[in-house]
């Protein structure tokens, strides 16, 4: 028995010792298991430096500009839902047609990966990257300089502003945790989103470090926010320091690939065989006469070969128009301009009943057309009193918004203006947005015929079940896309 | 102690106490029963009998007496038979007891009634002293005691077992001569005669000679070599050396195919050098490759999947790294099929472990083994004919007219005007030798090996050389164009492979208790394949005609022309240097230790080139005509393994084996990728090319873990094993340090006697697979951004990371029975298993908040369950005929049990018809269903008569769910001639016949133009045009097939010839591989898929593409070739 016990003890001792050794090895592997991440990517620690923070900022900024003004991004969608652009690309792209036909909800709910989803995703992604960059640059502010810090705050504000202006309420704002992992935000109302944007514009001004570009960029954004919220007087004061010639472009690499503003311009249309935009004329009856007005601020070219019609099975009878203002590959789409600042001041004057000041502001801008971001060859003719001081109140509003539409064509402001016409000027949506028969609703490649325009006035956030289930707070649209 | 544990303990105590209670209650009844028996016995001996006999034997006398009272006697026959005294008895109404005393008088025996009708005859203590037999049983080879051997005498009931020292003792043996027999599993039965004398102990020491019974087979596991009997899980064991000599196999995966149940060899395509993937007991992961790990002589090997991928040409043929190994140098392969067997290998081993043991030296004079082989390959398949309809409109205009209005036969343009078909023609260049890209290939293989040494130093050195030219070739009709554009001769035979191998194993005995093994190998594989994704013909064209205007049926689409497909190539050159050093040391009799360290160094060059001349020949602009893409990578896989086992005899019949071990595996890849367009014919390199793109590559992953295992063996019949493995891995999240995997198994040799055996076994085990390198980290990609009119450095968030990331964890339970019959001439091995992979990694979308960044999370649950059976039978064993058959059967049901909400069910952004959907198999096929009815009975399906569902529904598994193989080996005339056959069946799965879908879509199929086609086929074709989609359910066809995989006839040269040639063993083999195929699949070969199924994923982190072979589509896939082989093996 004694021998047996000794044998058992020996075996158990052996097991115990082995287990201890094994656990020790496995739990304290030391450097053996510390490996570099795959080449081509870098761990977060690689960017804990001033240079890294600035590199991250460069990437975030480029991603934001791509989301704002790249092909199929916000400016494109915004222009489609408004009266600026008609759909041009049908094959496999029914979502675009849905947006153009003001049936954005159908597009959002039926087609995963549609452009509305892509766009809001790109903008929110860029925002989370800008937040990381901003935190990094703040840590190395002395080396980076305050200007970039202020600019980053302003760009964050612009993303929030444009999401509020173009989408229904319900956009969540989230951020990446510095230690890894994610923190999801709750859906915000449109007004909350605008307030958040304004606070970022304030931060931008505070960190501008005396840089006038950043200061004016923040000011125009702040003015837009206040205008959107109906705080007119505050809007005017916000932009008073902005020069008329000011322009801040959403700069992207000249290339005709998707994701650059190049896709909007004439060269792209010629290179690709067809462009992705077609400027409309009185779309749906209520649209402005962008083509027939022959306004120098919006010169169109209809001479480009019309291969798009054949490609997309669209009847060849409709000529296609491209905006010459984007005719040069280096002509980026502006994010903020001094022209908009003057227009905000003019609208504030109109709203305050200061008709002379209003008329003078609009005409001064026309007179200084050569100094604006459009750099027209000379002054534009002044507006007559028939259309300004002598016009009816409704017509004055029409003139104000027409001036905005032509000065700011294709820069992503028209949809917000049309919504404001409803929200702040009491217009009926059916007198502002295109209505009636949808002219391209029965094209052969459409998955579902769209016989007439719908009633939407905002882009739609897709249903949570489509692809946004990671954020459990997310609910989709808090307001109907038909609510201005 | 929590309440659950208290309840469990109470339950155990109750269970232990229950038998005691039962025994106490039975005691009273037992006393009464004994009293009754005593009365009955007394009554029997008092019964009066009358009997009369003279001079009969003692046995007969007893029987005659007892017959009078209907009673019987029990006795050892030896007591009775040794007494030859004649008995005479005349009794009249004599009590039975007195009669028996009279008969037994003077015999030394006595009678005692032990029941109402039973009398026991036994010796009186005083009269007979019995003998004893003692001895030891020892293994004839190892000279170690054999424990648990069954020792028996002919005239003794039952048998006894040898103890821990191999000793036995049989007492009470009646003097005389006895038959003596010793049996033990794994040894030849020992039998002899032994003489025993009274009062003496006869000694008989026995040397048992090992014999190869199935249960005694030695298999290699993580803790070393073990008898199969001791292992509670099933392990497939292949004696490769005996298979490879005669079987028509071209690679290691060929050799594995159909030979181990549950081990699926999934072919990719039939190009020479294209390697299949291996799936053992199904797919377990949604994200990670489900490949097993490979270990050769203890050294972990590189088994990279999707290697050699070309972004430019999307990889026509990609070698499997396992096929770098020369199967001619392998002795055995053990396949550990899942966590029940691979727990000790830890993380990375959940998909199984292939343990390869190469040939080792044998003591004696050098023995040479030479072989030479010549083979010819052909492509025996028939390909779908492409149809062209010739018709006219009402105005007489000639058109290609479809049977049903809609798309024209040309495909794209709508044809609304009614037309009339005048005639049909059909053609496919692949079915005509003049036009086909398939011809005849050839293969040569030569090997040389020598083995020998002394007991102190053993060696085995072997080398091999294989060269093969595939059956694809440039048709003669294009040769003049190739020559005119000065294309090199390579394009005429675009698919070749060359392999070299050299392996040396030495074993040095260091003192009486230690051995040192040194191994080294050099392997090289040089494969060249055509640069096209596939070798389709004129599918995309309306008119497939054998004239120059239509490129002889290859159509007018440049990408389909063989001149382009073959004018661009992909080369994969891999050289591997493997080295290993291992040592065995037994410092004490009860303690054995082992250590191995090794490295597998792979240098790979993957080069994709389109000759500028080829681009020019089909009209590409000069700036894009020539393309070059170059990958140069090296992969170093370091491994170290240390283990020790201690054996202790707790009692004479209870043995304890305690094992511990620790393993390290570390794989590092680094390299460069470069590519450029506009390569010129005078400079086929990246040097001097404008704007070449260079990318730096690198990856690394490592695991480190240890285990402890305890095995208890009772009577060498019951083996209970428990183990625990602890691992850490480089892919774990920062908040997850280590993982533990438990294991337990039981093996019970329930019956072993009279030539039959029955073993019951059950096992439970866990192991894992760690996430990709970097998946747990917050990662950024470095690049450029445009700012201020120029390029600036920029980084972008790639993934937010997941600090909680942990390995996928597979838990497996299996149970089975092994039956051996007729002295192991027939064996049945039956296993049921269920494997659950929890924490399966899934891609989570961070949502719009983060621009849909992807990150990995452990959220999936995958189940595989199935049955495996192996039946081996030696049907005939005679000098004129030996016949053995092996039948393998396996089933596997795969199911994604659960997928977290929000997890990506789509597969890698590739195709929509294969999905990972909860409740269905991984990578299952999904398609839109078709219903149809010929309403107007015109035998032509119109669009209005066909309905296509709006949504896709599950159609079937993309991998076989049932497999079977039947192998037959027949030897004639003392095995002078042997005939081997292997049939292979796979079923229960679907194959996406996308070729058929495309021809329907473009109107070049028979059913789109011929009203004689079946309504079903017509409906399928019309459905495609109506839905404008090709992923319709009817195109996912039943892929079941039976293939005559191997057929070989071997002739062993007569002894006088061998004497003349001074050879030991000279064999001539003629063989055919892939001789016949039976299937309902309408494509050429249901076993192949186009590379990556036309779908490709991205490697995590690097974003580099890889071909995902779980994505399967027939699109232009190249069928398996048929090989006619002649081989000569010479042993000197």
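Residue numbers (my numbering), protein chains in the order written: chain S, 1 to 484; chain B, 10001 to 11132.
We put the beta carbon where it would ideally sit given N, CA and C, even for glycine.
Worksheet item: Nearest to residue 10900 of chain B by alpha carbon, out of B/10286, B/10235, B/10164, B/10377?
Response: B/10286
Discussion item. Quick check on the DSSP output: the alpha helix (DSSP H) that includes residue 158 of chain S runs from which residue to which?
Written reply: 146-166
Discussion item. To the nearest angstrom, how far is the alpha carbon of residue 10427 of chain B from that of residue 10395 of chain B?
Written reply: 29 Å
Item to complete: Report yes or no: is there a C-beta of chain S within less than 8 Å of the C-beta of residue 10714 of chain B?
Response: no
Practice prompt. Quick one: measure Cβ to Cβ for residue 459 of chain S and residue 166 of chain S, integer angstroms, because I've assumed they're closer than 8 Å.
Written response: 5 Å
Worksheet item: Between residue 132 of chain S and chain B, is there a C-beta pair that is closer than 8 Å?
Response: yes
Worksheet item: Do residue 10596 of chain B and residue 10615 of chain B come within 8 Å of each other at the CB atom, strictly closer than that value?
Response: no
Fill in: CB-CB length for residue 11117 of chain B against residue 11072 of chain B, believed under 8 Å
The pair is not a contact, with the Cβ atoms about 22 Å apart (cut-off 8 Å).
Worksheet item: On the three-state DSSP scale, how would you describe residue 10776 of chain B?
Response: coil
Discussion item. Looking only at its chain, what residues have a beta carbon closer than 7 Å to the beta carbon of residue 230 of chain S, apart from the 5 residues adjacent to it on each side?
Written reply: 424
Practice prompt. Note down, in chain order, each residue of its chain lying with its Cβ closer than 7 Å to the Cβ of residue 11021 of chain B, except the 5 sequence neighbours on either side.
Written response: 11000, 11005, 11007, 11008
Discussion item. For chain S, check one thing: does any of its Cβ atoms lie closer than 8 Å to the Cβ of residue 10779 of chain B?
Written reply: yes
Discussion item. Does residue 10090 of chain B pass the burial test, meaning 16 or more other C-beta atoms within 10 Å, or should it be called exposed?
Written reply: exposed
Worksheet item: Do we get a CB-CB distance below 8 Å when we pair residue 326 of chain S with the residues of chain B?
Response: no
Worksheet item: Relative to the C-alpha of residue 69 of chain S, which residue among S/95, S/120, S/433, S/222 is closest?
Response: S/120
Worksheet item: Ordered along the chain, which non-local residues of its own chain (more than five positions away) have a Cβ less than 6 Å from that of residue 11126 of chain B?
Response: 10374, 11070
Discussion item. Check whether chain B comes within 8 Å of residue 211 of chain S, counting only Cβ atoms and requiring the distance to be less than that.
Written reply: no
Worksheet item: When the Cα of residue 11076 of chain B is compared with those of B/10475, B/11064, B/10378, B/10119, which residue comes out closest?
Response: B/10378
Item to complete: Mind checking which residues open and close the beta strand (DSSP E) that includes residue 10808 of chain B?
Response: 10808-10821
Worksheet item: Along chain S, which residues have their Cβ under 8 Å away from the Cβ of residue 10850 of chain B?
Response: 124, 125, 128, 174, 176, 182
Worksheet entry | Endpoints, the beta strand (DSSP E) within which residue 10874 of chain B is located | 10854-10877
Practice prompt. Step through the CB atoms of chain B and report whether any lies within less than 8 Å of the CB of residue 253 of chain S.
Written response: yes
Fill in: Status (buried if at least 16 other CB within 10 Å, exposed otherwise) for residue 484 of chain S
buried
Practice prompt. Can you pull the chain B residues whose beta carbon is under 9 Å from the beta carbon of residue 406 of chain S, in chain order?
Written response: Result: empty, since nearest Cβ-Cβ is about 29 Å, beyond 9 Å.
Fill in: Bridge partner(s) assigned by DSSP for residue 10594 of chain B
B/10584, B/10643
Worksheet item: What does residue 10786 of chain B touch in chain S if you count any residue whose Cβ is under 7 Å from its own?
Response: 62, 251, 252, 253
Discussion item. Considering only DSSP beta bridges, list what residue 323 of chain S is partnered with.
Written reply: S/300
Worksheet entry | Exposed unless 16 or more other CB atoms sit within 10 angstroms - verdict on residue 10864 of chain B | buried
Practice prompt. With 8 Å as the threshold, decide whether the Cβ of residue 10699 of chain B is near any Cβ in chain S.
Written response: yes
Worksheet item: Out of curiosity, what's the CA-to-CA distance linking residue 183 of chain S and residue 175 of chain S?
Response: 6 Å
Worksheet item: Of all the CB atoms in chain B, is at least one closer than 8 Å to the CB of residue 58 of chain S?
Response: yes
Discussion item. Just to confirm my understanding: we take residue 336 of chain S, look at its own chain, exclude 5 residues before and 5 after, and list those with CB closer than 6 Å. What are they?
Written reply: 217, 220, 248
Worksheet entry | Within chain B, the residues that residue 471 of chain S reaches when beta carbons sit closer than 7 Å | 10847, 10849
Discussion item. Going by C-alpha to C-alpha distance, which of S/434, S/410, S/63, S/397 sits closest to residue 420 of chain S?
Written reply: S/397
Discussion item. Mapping the DSSP letters down to three states, classify residue 10379 of chain B as helix, strand or coil.
Written reply: coil
Worksheet entry | Listed by chain order, chain B residues near residue 36 of chain S by CB distance under 8 Å | 10698, 10700
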